[in-house]
Amino acid sequence: MLDERTFAVSFACNQFNAEAFKVLFRSRLFQCFEVSFLLEQNRKQSPERKLELIKTHYAKKGERITVNTIATGASRFTVMFRFIPDSPLLFQTLIDYLK
2 MLDERTFAVS FACNQFNAEA FKVLFRSRLF QCFEVSFLLE QNRKQSPERK LELIKTHYAK
62 KGERITVNTI ATGASRFTVM FRFIPDSPLL FQTLIDYLK
């Protein structure tokens, strides 16, 4: 958990996971979250293929996509969810449901 209203999930950026992402995180339950994407790509690889995959299969219009180049290590794909309604109890209920 990033803070009391935000959580993040990291997984491989591929089409198989994109389908699972759509089924779980595009359900009505998650419509109360603002979604953003972070791709941390190793400098030795071009981010173009994964960026196109994110735009095509993960992100909806208006959702923020950030691409950072990292000097060493494996590339990482992270999806961040920020709870929009002002209800700490509802947010905690959703987090408990996900555990």
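Counted the way the working numbering counts, the sequence shown spans residues 2 to 100. Idealized CB from N, CA, C, for every residue including glycine.
For I96, the enclosing alpha helix (DSSP H) stretches over residues 89 to 99.
F82 is a Cβ neighbour of E35, given a cutoff of 9 Å. Under the three-state reduction of DSSP output, E5 falls in the coil class, being neither helix nor strand. Within the same chain, Cβ atoms closer than 7 Å to the Cβ of H58 are found at Q16, A19, the five residues on either side in sequence being excluded. If you draw a straight line from the Cα of F31 to the Cα of Q46, it comes to about 32 Å. Ranking N69, A9, I96 by CA distance to the CA of R44 puts N69 first. Apart from the 5 residues on each side of it in sequence, F78 sits with its Cβ closer than 6 Å to the Cβ of C14, L40 in its chain, given in chain order.
Pairing E64 with F38 gives a Cβ-Cβ distance under 9 Å.
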